[in-house]
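Right, one structure below, let's go through it.
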C-alpha cells in the first residue's frame with residue numbers, strides 16, 4: 001500500500017467521554033445526553049468524535065470527526081462539531097439576523113451586542129447552526145474555515161430561516 | 001460519435017440516448033439527514049426562493065432550480081450534499097443498516113460514503129478507503145461537512161485491503177466514466193477499448209477483494225458510471241467464475257427506470273443471470289449513466 005501519513009503521527013488515545021461532555025456542558029449548556037453513543041479520542045492536540053469505543057484495527061488516516069482543538073488555553077470546537085451538536089446549546093449561542101449571518105458566512109468580523117460571555121460561541125441563523133464564532137469585547141469574529149466561506153455577493157438564495 | 005456508436009444495438013431508443021447525453025445534467029442534491037430533516041430543509045429552500053422537487057424514487061434526493069448550488073448556505077451547513085442523482089442508487093441497493101460494519105472500497109470523493117454514513121444514522125463502522133493521496137483530502141473534507149462520525153478513512157490499495165469481515169461492501173470502481181458525459185463531454189474522447197480492458201483487470205481484482213472481506217451472508221455491490229460492458233457485466237461474470245459461493249441478486253429500484261444487464265456482448269457470453277444487474281441510461285430518468293450489480297456471499 002501507499003505509505004500512510006499516520007505512521008509517524010501520534011496514536012488515537014481513548015478519552016473519558018464525561019470530560020469532553022463537561023467541556024461542552026459548561027461552555028454551551030449542551031446536555032451530556034447529546035453525546036450518547038459517541039466516543040472521544042485524543043490525537044495530538046485534537047479531540048475526535050467517533051461512533052465506536054475502540055478504533056478499528058487498521059492503518060487509518062482519520063477516525064470520525066475532528067471535534068475540538070485543545071491547542072490553545074481554551075478548547076475550540078470545530079465548525080463541524082457545532083453544526084452537529086450546537087443545536088443543543090442553551091448558552092453562549094447567538095442567532096444572527098440575515099444581514100449579520102451574511103457577514104459571518106463571508107468570514108468577516110462584526111460589532112454585535114449579544115448576551116454571551118467572551119470566548120467561543122455557537123452561531124446560528126433561523127435556528128440552524130452556521131458554525132463557530134469568537135466573541136470578544138462586543139465583536140463577533142467568524143471562525144468558518146476559509147474554504148467554506150462564501151463572499152456576501154456570491155451567497156445564493158438566502159432569505160429567512162424556518163425557525164425551530 | 002465518441003465511442004458510443006458501439007452501443008447502438010444494445011441501448012434501447014438509441015437516438016434518444018444520444019440526444020440525452022449531449023444535454024447538461026439537472027442540478028441535484030441529497031438531503032443530509034444527519035444534520036437536518038427533509039421537511040425543514042425543503043422549507044428553508046422554498047423560503048430562499050429555490051424551487052426543488054424530490055426524486056420519485058428516493059425521498060432524500062432533490063432537483064434544484066438554482067444557478068450556483070455550491071453557494072447555498074444549506075450546502076455550507078452540510079444540510080445538503082451536491083450529488084448526481086444516479087450515483088445515489090448504489091448505496092440504496094447496498095442498503096446499509098445502523099450499527100453494521102460496512103466498507104466503501106473506492107470511496108473518494110465521498111458522495112456515496114456520506115450517503116452510506118447517513119443511512120447508517122452515524123452508528124456502527126464505515127471504512128472509507130481510497131489509495132489516492134489527493135483524493136483522500138476531498139473524502140475527508142466531505143465526511144467532515146456531512147457530520148459523519150462513524151467513518152474511518154484508510155488508504156490501502158483496494159486489491160490488498162487487509163483481512164476483515166464486513167456486513168456490506170461497496171465497490172464503486174474506477175472506470176472510463178462514459179456515464180458522466182453530461183457533466184464533462186471530454187470523458188467520451190478519452191474512451192478506448194484498450195482503457196476499458198485495462199480497467200477490467202483492476203475492477204475485477206477490486207471486486208474480488210471486496211467479496212473476500214465480506215462475511216458469509218454479506219452483500220457486495222459493484223457499480224460504475226460507464227456503459228462499457230467490458231467494465232460492467234464483463235467484470236461481474238469474471239468474478240463469478242473465479243469465486244465460488246456467490247449469488248447474483250436482482251437489482252430493482254421502485255420508480256427508477258432500469259434496463260437489464262447484458263447476457264451477451266461481442267464475442268463474450270455472460271449468461272442470462274447477468275440480466276439481474278441494472279443499467280441506467282440518461283434518457284430514461286434524465287440522469288447520468290450507471291451500472292449496478294448486487295452479489296450475496298453464501
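Residue numbers (my numbering), protein chains in the order written: chain A, 1 to 164; chain B, 1 to 298. Where is the CB? At the ideal position from N, CA and C, for every residue including glycine. These numbers come from a predicted model, not from an experiment.
Span of the alpha helix (DSSP H) holding residue i?
i, result
"residue 34 of chain A", "Element bounds for residue 34 of chain A: n/a, residue is neither H nor E."
"residue 115 of chain B", "111-119"
"residue 39 of chain B", "38-47"
"residue 297 of chain B", "Careful: residue 297 of chain B lies outside any alpha helix (DSSP H), inside the beta strand (DSSP E) at 290-297."
"residue 21 of chain B", "14-21"
"residue 105 of chain A", "98-105"
By the criterion of Cβ-Cβ separation under 7 Å, what are the contact partners of residue i in chain B?
i, result
"residue 60 of chain A", "152, 153, 154"
"residue 89 of chain A", "Going along chain B, no residue has its Cβ under 7 Å from residue 89 of chain A, so there is no contact; the nearest lies around 15 Å."
"residue 159 of chain A", "47, 48, 49"
"residue 148 of chain A", "76"
Consult DSSP for residue i and reduce its assignment to one of helix, strand or coil.
i, result
"residue 110 of chain A", "strand"
"residue 85 of chain B", "helix"
"residue 3 of chain A", "Below a pLDDT of 50, predicted positions are generally treated as unreliable, and residue 3 of chain A, at 41, falls in that range; the measurement from the model is reported next regardless. Three-state DSSP puts residue 3 of chain A in coil, outside helix and strand."
"residue 198 of chain B", "helix"
"residue 132 of chain B", "coil"
"residue 283 of chain B", "helix"
"residue 139 of chain A", "strand"
"residue 18 of chain A", "helix"
"residue 88 of chain A", "helix"
"residue 76 of chain A", "strand"
"residue 261 of chain B", "coil"
"residue 94 of chain B", "helix"
"residue 149 of chain A", "coil"
"residue 157 of chain A", "coil"
Ends of the beta strand (DSSP E) at residue i?
i, result
"residue 61 of chain A", "60-63"
"residue 79 of chain B", "It is not in any beta strand (DSSP E) - residue 79 of chain B carries neither H nor E in the DSSP assignment."
"residue 98 of chain B", "Looking at the DSSP string, residue 98 of chain B is not in any beta strand (DSSP E), and its letter there is neither H nor E."
"residue 85 of chain A", "That residue, residue 85 of chain A, is in no beta strand (DSSP E); its alpha helix (DSSP H) goes 79-85."
"residue 50 of chain A", "46-50"
"residue 62 of chain B", "61-65"
"residue 53 of chain B", "51-54"
"residue 122 of chain A", "119-125"
"residue 29 of chain B", "27-31"
Run down chain A in chain order and give the residues with a C-beta less than 7 Å from the C-beta of residue i.
i, result
"residue 145 of chain B", "80"
"residue 162 of chain B", "58"
"residue 72 of chain B", "156, 157"
"residue 135 of chain B", "Simply none; closest approach about 12 Å."
Could you work out which residues of chain A lie near residue i, taking near to mean beta carbons separated by less than 8 Å?
i, result
"residue 149 of chain B", "38, 49, 50, 51, 64, 65, 84"
"residue 78 of chain B", "80, 83"
"residue 67 of chain B", "156"
Could you work out which residues of chain A lie near residue i, taking near to mean beta carbons separated by less than 9 Å?
i, result
"residue 124 of chain B", "51, 52"
"residue 127 of chain B", "56, 58, 60"
Name the chain E residues that come within less than 8 Å of residue i, Cβ to Cβ?
i, result
"residue 27 of chain A", "Absence of chain E from the displayed structure is noted, the protein chains being A and B."
So with CB distances below 8 Å, who are the chain B contacts of residue i?
i, result
"residue 130 of chain A", "73, 76, 77"
At a CB-CB cut-off below 9 Å, which residues of chain B make contact with residue i?
i, result
"residue 165 of chain A", "Residue 165 of chain A lies beyond the stretch modelled for chain A, which goes from 1 to 164, so this question has no answer here."
| field | Continuous beta strand (DSSP E) assignments of at least 3 residues falling wholly in the segment 214-251 of chain B | value | Listed in chain order, the complete beta strand (DSSP E) runs (minimum 3 residues) inside the segment 214-251 of chain B are 214-224, 246-249.
| task | Starting from the N-terminal side, write out each stretch of the beta strand (DSSP E) that is 3 residues or longer and does not extend beyond the segment 136-193 of chain B. | result | 151-154, 166-172
| query | Pairing CB atoms from the segment 110-117 of chain A with CB atoms from the segment 85-94 of chain A, are three or more of them under 8 Å? | reply | yes
| said: Is it the case that the segment 82-96 of chain B contacts the segment 16-30 of chain B, given that we only count it when at least three CB pairs across the two stretches are under 8 Å? | reply: yes
| request: Say whether the segment 150-159 of chain A touches the segment 65-73 of chain B, bearing in mind that this needs 3 or more beta-carbon pairs closer than 8 Å, one atom from each stretch. | output: yes
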